[in-house]
Structures are given as structure tokens and as C-alpha cells.
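In terms of our numbering, the sequence shown opens at residue 41 and continues consecutively.
We put the beta carbon where it would ideally sit given N, CA and C, even for glycine.
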Amino acid sequence: LELAKNYDYCFVFEAAGKNLEVVTGRKGVGTYTINIEGKAAHAGVRYKDGINANLEASYKLQELTKLTNLEIGTTVNVGKISGGIGANTISPKCELLLEIRYTKNSERNRLLKALDLITNTSYVEGTKASLNGLIQRDVMEPNSNQLQLLSRLENITGTTIETEQRGGVSDANHVASCGVITLDGFGPFGDGDHTIHERALKTSFEQRIDLMTKILSYHQEHKNLN
Numbered sequence: 041l042e043l044a045k046n047y048d049y050c051f052v053f054e055a056a057g058k059n060l061e062v063v064t065g066r067k068g069v070g071t072y073t074i075n076i077e078g079k080a081a082h083a084g085v086r087y088k089d090g091i092n093a094n095l096e097a098s099y100k101l102q103e104l105t106k107l108t109n110l111e112i113g114t115t116v117n118v119g120k121i122s123g124g125i126g127a128n129t130i131s132p133k134c135e136l137l138l139e140i141r142y143t144k145n146s147e148r149n150r151l152l153k154a155l156d157l158i159t160n161t162s163y164v165e166g167t168k169a170s171l172n173g174l175i176q177r178d179v180m181e182p183n184s185n186q187l188q189l190l191s192r193l194e195n196i197t198g199t200t201i202e203t204e205q206r207g208g209v210s211d212a213n214h215v216a217s218c219g220v221i222t223l224d225g226f227g228p229f230g231d232g233d234h235t236i237h238e239r240a241l242k243t244s245f246e247q248r249i250d251l252m253t254k255i256l257s258y259h260q261e262h263k264n265l266n
């Protein structure tokens with residue numbers, strides 16, 4: 041990241057969009073674990089003595105899910121729940137593994153504040169909880185500097201460059217967070233991402249190589265993209 045600050049622009053070669061779009065925005069992502077402590081007890085003999093960590097987890101799950109706002113691209117997903125000992129025991133422990141994704145720094149701040157509040161609220165009396173995790177990659181927000189660069193690239197290459205925003209993350213998130221003007225999606229187009237059927241269209245390699253050759257040749261000749 042320190043190295044990135046020495047540069048004016050960054051082109052990232054993640055896959056292009058279906059119509060060879062480049063990427064101007066990517067969601068930020070964070071992964072967190074909430075560990076809940078209750079109190080074990082025999083479910084048939086001393087039911088009232090137990091403090092059910094699984095029950096507490098169910099309340100937290102609902103509150104976490106409510107943080108999702110699809111209209112602005114914010115999602116909170118509790119992807120894994122692990123808890124309990126057996127059917128005859130009030131659960132003394134439970135763990136929630138969750139992910140947050142967001143499109144704005146203001147949403148990141150809202151989510152982090154809410155995570156703390158939900159973690160520290162005991163919906164089942166007697167339970168305790170702790171929160172661990174971090175933001176893995178911060179949001180890459182579209183900005184006017186990108187638009188200016190895109191306009192210049194269109195003039196240099198004589199082509200129209202379409203844009204899109206994506207929910208996934210890439211190295212572009214890191215570089216953009218340093219204030220470097222960043223564009224992503226200069227790689228080839230394909231499908232089947234993250235499966236055994238992943239593939240790329242051969243002709244898109246040629247198109248992307250041609251596009252970047254024009255951009256880099258111009259830069260080499262003029263020593264900038266202005």
C-alpha cells in the first residue's frame with residue numbers, strides 16, 4: 041500500500057464485464073465472529089438453571105439480518121452458526137460467523153456501530169458475547185477522478201468504455217483506499233467464476249491487449265495520460 045501511493049493511476053486486470061465494461065466501484069467487505077456464552081444445564085432436570093446461548097444467537101441473527109439494505113447495496117450475512125453440546129443439554133456456547141458488504145464508507149460506519157450494539161445486548165438474560173474480526177478490504181467508491189481518466193482513455197483509444205460496479209472485491213480495493221485513481225476489469229471476459237467450469241473468451245484477450253497497448257503506448261510517448 042505504501043508503494044501504491046507513489047503512483048498516479050492503477051489499472052487492475054480482473055475479468056471484464058459481459059460487454060467489456062471496466063469496474064469503477066467495488067463493495068467493501070469485513071468478516072466477523074460473535075462468540076456467545078451461556079450456561080449448561082440438563083434439559084430435562086434443570087431446565088431453568090440453564091442459559092441458552094443458541095437462543096441468544098437466534099435473536100442476534102435476526103437483528104444482524106435487519107441491517108441489510110439491498111437498495112443501497114448493503115448486506116449482512118450470517119453464514120455459519122455453531123453451538124450446543126447435545127439435545128439433552130441447554131447450550132452453553134454458540135458462535136456466529138458473519139460477513140458485511142457495503143458500498144459507502146458511511147454504511148461501513150453504521151454497520152460497525154450496530155455490530156457492537158448487537159454483540160453487547162443480551163436478549164437472553166445472563167448471556168455474554170464478544171466480537172472479533174476486521175474489515176478485509178475497504179470500499180472502492182466511484183469518483184469524478186475516475187470519470188476524467190475514463191474520458192481521456194476513450195479519446196486516446198478511440199473507443200467507448202462502458203463501466204459497472206461489483207459486489208466482489210479485488211486488489212483494486214486496496215489501491216483505491218490509498219487515494220490512487222483506480223480502474224478495474226481490464227482482464228478478459230469469461231464466466232463460471234470460482235467453479236470447475238471457469239473459462240474465458242479467447243477474443244476478449246485480443247480486445248483487451250489491443251486496448252491496453254494503445255493506452256500504454258500513449259503513456260510511453262507522452263509520459264502521462266493527460
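Checklist entry - Secondary structure at His234, three-state DSSP: helix, strand or coil? => result Secondary structure of His234 (DSSP, three-state): coil.
Checklist entry - If you run the structure through DSSP and keep just helix, strand and coil, what is Leu107? => result coil
Next on the checklist: Cutting at 7 Å between CB atoms, please list the residues of its own chain near Glu283, excluding the five before and the five after it.
Outcome noted: The structure shown does not extend to residue 283, since the chain is modelled only from 41 through 266, so no value can be given for it.
Checklist entry - How would you label Ile130, buried or exposed, when you count the other beta carbons within 10 angstroms and need 16 or more for buried? => result buried
Next on the checklist: Please give me, in chain order, every unbroken run of the alpha helix (DSSP H) with length at least 4 that falls completely inside the stretch 205-230.
Outcome noted: The DSSP assignment places 211-216 as complete runs of the alpha helix (DSSP H) inside the stretch 205-230, in order along the chain (cut-off: 4 residues).
Item to check | Given Pro132 as reference, the closest of Ala93, Ile140, Lys168 and Ala97 once Cα atoms are compared | outcome: Ala93
Checklist entry - Which residues in the same chain have their Cβ closer than 8 Å to the Cβ of Ile112, if we skip the five residues on either side of it in sequence? => result Thr143, Lys144 and Glu147
Next on the checklist: To test your reading of the DSSP string, which unbroken beta strand (DSSP E) runs of 3 or more residues are found completely within the stretch 94-173?
Outcome noted: 115-123 and 133-142
Item to check | Touch test, the stretch 98-110 against the stretch 235-245, Cβ-Cβ under 8 Å, three pairs minimum | outcome: no
Next on the checklist: Per DSSP, what are the beta-bridge partners of Asn75 in this structure?
Outcome noted: Glu135 and Ser170
Checklist entry - Buried or exposed: where does Arg224 fall if 16 or more other Cβ atoms within 10 Å of its Cβ makes it buried? => result Inspection of the sequence shows that residue 224 is occupied by Asp rather than by Arg. In the assembly as shown, Asp224 is a buried residue. Its beta-carbon has 16 or more other beta-carbons within 10 Å.
Next on the checklist: Pairs of beta-carbons, one from the stretch 58-75 and one from the stretch 170-186, closer than 8 Å: are there three or more?
Outcome noted: yes
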